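Asker: Pasting a structure here, questions to come.
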Amino acid sequence: MGRKCICEICLCGRHRCPHRAKSTILKNHGPCMLTEYANKYKSYPGAGMRESFKPNQQMLQGGEPMSDATTQRLDYIPHDAQRPAPHVPDGYRKPDGDFDLLTSYTKDYPARKADMPKSFRGTHTNHVPTGEFRGHPTYTDDYRKWDLAPRDAPKPQNAYIPPNAAFDGLSTFTRDYAPKRAEMRPNMKPSNSAYQSQDPLDDKTSHRLDYIPHQAQARYVPPKEAYKRNKHPFDSMTTFRRDFTGTNAPRSDSFKPPVDALHSDTPFDDNTTFKTDYRPWEGQRPQPHVPESWSKPAGEMDLATTSKIAYPPHQIRPPSHKRPKTTGRMTEAPFDDRTHYSQDFRQWSSVPERRGDPTQKPYQRPDLPFEGTTNYRSHYIPKQAPPVRSLGPDRTANLSSEPFDDRTMYKTEYIPKENALCPAINLSNAGYEFTMLDQRGHEIWAMREAQRRSAGSSRAASAIGMRTGSGSMQRTPTQQLSMEQATLA
-14 MGRKCICEIC LCGRHRCPHR AKSTILKNHG PCMLTEYANK YKSYPGAGMR
36 ESFKPNQQML QGGEPMSDAT TQRLDYIPHD AQRPAPHVPD GYRKPDGDFD
86 LLTSYTKDYP ARKADMPKSF RGTHTNHVPT GEFRGHPTYT DDYRKWDLAP
136 RDAPKPQNAY IPPNAAFDGL STFTRDYAPK RAEMRPNMKP SNSAYQSQDP
186 LDDKTSHRLD YIPHQAQARY VPPKEAYKRN KHPFDSMTTF RRDFTGTNAP
236 RSDSFKPPVD ALHSDTPFDD NTTFKTDYRP WEGQRPQPHV PESWSKPAGE
286 MDLATTSKIA YPPHQIRPPS HKRPKTTGRM TEAPFDDRTH YSQDFRQWSS
336 VPERRGDPTQ KPYQRPDLPF EGTTNYRSHY IPKQAPPVRS LGPDRTANLS
386 SEPFDDRTMY KTEYIPKENA LCPAINLSNA GYEFTMLDQR GHEIWAMREA
436 QRRSAGSSRA ASAIGMRTGS GSMQRTPTQQ LSMEQATLA
């Protein structure tokens, strides 16, 4: 029980045995299969990896040649078909005999001859006299033609007559408003020049007078410790160098084809299929076709068209205007501005009717100012009232005189534990001594007797401390819990 390998001693999972097998029998059996997982979870027969249900990614090929017989070619055999003859309908043939136009409508409702209905209107006609009308209509009696004098153009009576004398250059504006020269007022703004004094600058401030400079003491600098070199030589052996030693094995050859260019001593054959199949033939150039030049035909051209022959031009008078001439007529009679509205609705001189008590005098606004108080000021007197107190809760925090109880469930239930260092870091200091190296490459280490006793006593002490600590752990009294709950409520 006291002997363990490095794989079993390690607690952090980062240290393993070298796994360098010494036996020649187990050399060809591959890496060591002894692990903590393999010891706990043993493999059972038939629990291997299932075969994949997916088909192999291979192209299905057949040995027989490809058949071009399709369902179309097998089912639909070509037959000798002739074009159908077109159907020519028979021509119209008039039937023998006369057409009977007798219908049920004409049989039930035979035509009857009746007189046309007479008009309900009177038989009188408008009698237009043949003689000449002699009389005066109301229009000519009401609207008579007056002899008015022609209206003159609205020209001003006093037309402007320019003076004959020369203009002396003095107008009423220049005569009444003579220019007056006044001195310019001095500027009220202060000058932008800097205010300078002849007295020397007084640079004494309260800081210079109150705060006297003192000489500061030198700062204490602690002496540095001199570097002490380690007496023992540096061990450059690492776990990587110790566990993974380089093996002298030949370098694997590359599977790539050689990159060297292929050279040949034979001359380059530049004959192509185009050069061999299409040979140049000697051909003659086609002669260009020269068209004949245009020549003017003999004789004169007849410009007479059907339009000119059918529609010859005629000389006619332009149409005259049918609109009568309008001439402005001016009458000498004065303009009559009387209308039906102005004659029927005349403006009468009337006094507005007064409403209310006739004995009461009309209101007269007083001239003196009002001395007294109004009804509003006498009835509504301002009163000073305290502001309404808010019914909301007080926003101040509830303070307690008792000390703050910072005990939580995490502090009481979860006790901090020290993380022990992995003993596989330095097995000799951890109380282990090397025993042997087995055939599979595991280093077996055994714990010393004194180290084993001290480890057993420390485990017992820690177990007793946990029991006492859990028993002496303080709990919150029920009284305090009830008080806190009442405060929160």
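Numbering (the numbering used here), first residue to last: -14 to 474.
Glycine residues also receive a C-beta, built at the ideal position from the N, C-alpha and C atoms.
Every value quoted in this text rests on a predicted model; they were computed, and no experiment measured them.
1. Looking only at DSSP bridge pairs, what is Ile429 linked to?
2. On the three-state DSSP scale, how would you describe His299?
3. Starting from Tyr90, trace the alpha helix (DSSP H) in both directions and tell me its first and last residue.
4. Taking the continuous alpha helix (DSSP H) assigned at Asp195, which residues delimit it?
5. For the putative contact between Asp132 and Glu338, defined by C-beta atoms under 8 Å, what is the C-beta separation to the nearest angstrom?
6. For His427 versus Cys(-3), is the C-beta distance shorter than 8 Å?
7. Determine the burial state of Tyr417: buried for a count of at least 16 other Cβ atoms within 10 Å of its Cβ, exposed for fewer.
8. Please report the distance separating the alpha-carbon of Ile(-9) from that of Thr224.
9. Classify Trp430: buried if its beta carbon has 16 or more other beta carbons within 10 angstroms, exposed otherwise.
10. Using a C-beta cutoff of 8 Å, does Ala150 count as contacting chain D?
11. Answer with buried or exposed for Ala66, where buried requires no fewer than 16 other C-beta atoms within 10 angstroms of its C-beta.
12. Quick one: residues in its chain with C-beta nearer than 8 Å to the C-beta of Tyr162, no 5 flanking neighbours on either side, listed in chain order?
13. Quick check: is any heavy atom of the ligand PLP less than 7 Å from the C-beta of Ile197?
14. When DSSP labels each residue in this structure, what does Met51 get in the three-state scheme?
15. I'd like the span of the alpha helix (DSSP H) that includes Arg362, first residue to last.
16. Runs of 4 residues minimum, wholly inside the region 157 to 217: which ones carry the alpha helix (DSSP H) assignment?
17. Quick check on Phe84: does DSSP put it in helix, strand or coil?
18. Hey, Cys476 and His0 are a contact pair by Cβ (cut 8 Å); roughly how many whole angstroms apart?
19. What do you get for Lys(-11), buried or exposed, if any count of 16 or more other CB atoms within 10 angstroms of its CB means buried?
20. Is it the case that the Cβ atoms of Ala405 and Cys(-5) are separated by a distance below 8 Å?
21. Do Met394 and Gly(-13) have their C-beta atoms within less than 8 Å of each other?
22. Ends of the alpha helix (DSSP H) at Arg227?
23. Any idea what DSSP makes of Asp245, helix, strand or coil?
24. Apart from the five residues on each side of it in sequence, which residues of its chain come closer than 8 Å, Cβ to Cβ, to Phe105?
25. I need the boundaries of the alpha helix (DSSP H) containing Lys396, first residue and last residue.
26. Report the rounded CA-to-CA distance for Leu247 versus Lys260, giving the unit in angstroms.
Answerer: If we stick to the structure as given:
1. Residue mapping note: residue 429 aligns to position 444 of the sequence shown, counting from 1. Answer is Cys(-10), Met421, bridged to Ile429.
2. One-based indexing of the sequence shown puts residue 299 at position 314. Looking at His299 - three-state DSSP - the assignment turns out to be coil, as it is neither helix nor strand.
3. As a working note, residue 90 is residue 105 in the sequence shown. Element bounds for Tyr90: 89 to 93.
4. Sequence index remark: in the sequence shown, residue 195 carries index 210 (1-based). Taken as a continuous stretch (DSSP letters only), the alpha helix (DSSP H) holding Asp195 covers 191 to 195.
5. Here residue 132 corresponds to residue number 147 of the sequence shown, with the count starting at 1. Here residue 338 corresponds to residue number 353 of the sequence shown, with the count starting at 1. With a beta-carbon spacing of about 48 Å, Asp132 and Glu338 fall beyond the 8 Å limit used to define contacts.
6. On the sequence shown, residue 427 is found 442 positions in, with the first residue counted as 1. On the sequence shown, residue -3 is found 12 positions in, with the first residue counted as 1. Going by C-beta atoms, His427 is not nearer than 8 Å to Cys(-3).
7. The sequence position of residue 417 within the sequence shown is 432, counting from 1. By the neighbour-count rule (16 or more Cβ atoms within 10 Å), Tyr417 is buried.
8. For this step, residue -9 is matched to residue 6 along the sequence shown. For this step, residue 224 is matched to residue 239 along the sequence shown. Cα to Cα, the separation comes out at about 13 Å.
9. Working through the sequence shown from its first residue, we reach residue 430 at position 445. Result: buried.
10. No chain D appears in the structure shown, which is made up of a single protein chain.
11. Residue 66 sits at position 81 when you count from the first residue of the sequence shown. By the neighbour-count rule (16 or more Cβ atoms within 10 Å), Ala66 is not buried but exposed.
12. Here residue 162 corresponds to residue number 177 of the sequence shown, with the count starting at 1. If we look at Tyr162 and ignore the five residues flanking it on each side, it has no Cβ neighbours.
13. Of ligands this structure carries none, so the ligand PLP is not represented either.
14. For the purposes of this step, residue 51 is taken as the residue at position 66 of the sequence shown. Correct three-state label for Met51: coil.
15. Translated into the one-based positions of the sequence shown, residue 362 becomes position 377. Per DSSP, Arg362 belongs to the alpha helix (DSSP H) from 360 to 364.
16. For secondary structure counted as the alpha helix (DSSP H) over 4 or more consecutive residues, the region 157 to 217 holds these complete runs in sequence order: 157 to 161, 191 to 195.
17. As a position in the sequence shown, residue 84 is number 99, starting the count at 1. It is coil, neither helix nor strand.
18. The displayed coordinates of the chain run from -14 to 474. Any statement about residue 476 would go beyond what the structure contains.
19. Position 4 of the sequence shown, counted from the first residue, corresponds to residue -11. Under this definition Lys(-11) is a buried residue.
20. Looking up residue 405 in the sequence shown gives position 420. Looking up residue -5 in the sequence shown gives position 10. It is not a contact, given that the beta carbons lie outside the stated cut-off.
21. Mapped onto the sequence shown, residue 394 falls at position 409. Mapped onto the sequence shown, residue -13 falls at position 2. For Met394 and Gly(-13), no; Cβs fall outside 8 Å.
22. In the sequence shown, the residue the question calls residue 227 occupies position 242. Segment 224 to 228, the alpha helix (DSSP H) holding Arg227.
23. Walking along the sequence shown from the start, residue 245 turns up at place 260. Here Asp245 sits in coil by DSSP.
24. Residue mapping note: residue 105 aligns to position 120 of the sequence shown, counting from 1. Non-local C-beta neighbours of Phe105 in its own chain, meaning closer than 8 Å and more than five positions away in sequence, are absent.
25. Numbered from 1 along the sequence shown, position 411 holds the residue referred to as residue 396. It spans 394 to 398 - the alpha helix (DSSP H) in which Lys396 sits, taken as one unbroken run.
26. Translated into positions along the sequence shown, residue 247 becomes position 262. Translated into positions along the sequence shown, residue 260 becomes position 275. If you take the alpha carbons of Leu247 and Lys260, they lie about 26 Å apart.
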